[in-house]
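S.K.: Input: one structure, supplied below.
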Amino acid sequence: MLGACNHVAGLLFRVEYAVKTGATQTSSTSKLSTWNVPKKKPDLKPMKVKDVVWTKGKYSQT
178 MLGACNHVAG LLFRVEYAVK TGATQTSSTS KLSTWNVPKK KPDLKPMKVK
228 DVVWTKGKYS QT
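Right under this line is the structure:
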């Protein structure tokens, strides 16, 4: 247990230094989720299923 106190003290000094020098930043888990924001709103118009025209895709035959 002798070395554990030294490690705790060292950690506390490091945390104090980081706060004093402004080296702390907000973690990404503490921020609002920005990765789920779409680039732009898609230009889609809602319609009833009965009004949808269902066609089979045509693919090139090579």
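Here the sequence shown stands for residues 178 to 239, numbered as in the numbering used here.
All C-beta atoms in this analysis are idealised placements derived from N, C-alpha and C, irrespective of residue type, glycine included.
Going by the beta-carbon positions, is the gap between residue 195 and residue 201 smaller than 8 Å?
M.R.: Working through the sequence shown from its first residue, we reach residue 195 at position 18. Working through the sequence shown from its first residue, we reach residue 201 at position 24. Yes, these two residues count as a Cβ contact at 8 Å.
S.K.: Check residue 228 in the structure and name its three-state DSSP category.
M.R.: By 1-based counting over the sequence shown, the position of residue 228 is 51. Residue 228 falls in the helix class under three-state DSSP.
S.K.: Quick one: residues in its chain with C-beta nearer than 7 Å to the C-beta of residue 218, no 5 flanking neighbours on either side, listed in chain order?
M.R.: Working through the sequence shown from its first residue, we reach residue 218 at position 41. So the list is empty, once near-sequence residues are dropped.
S.K.: In three-state terms, what does DSSP make of residue 216?
M.R.: For the purposes of this step, residue 216 is taken as residue 39 along the sequence shown, with counting starting at 1. In this structure, residue 216 counts as coil in the three-state DSSP scheme.
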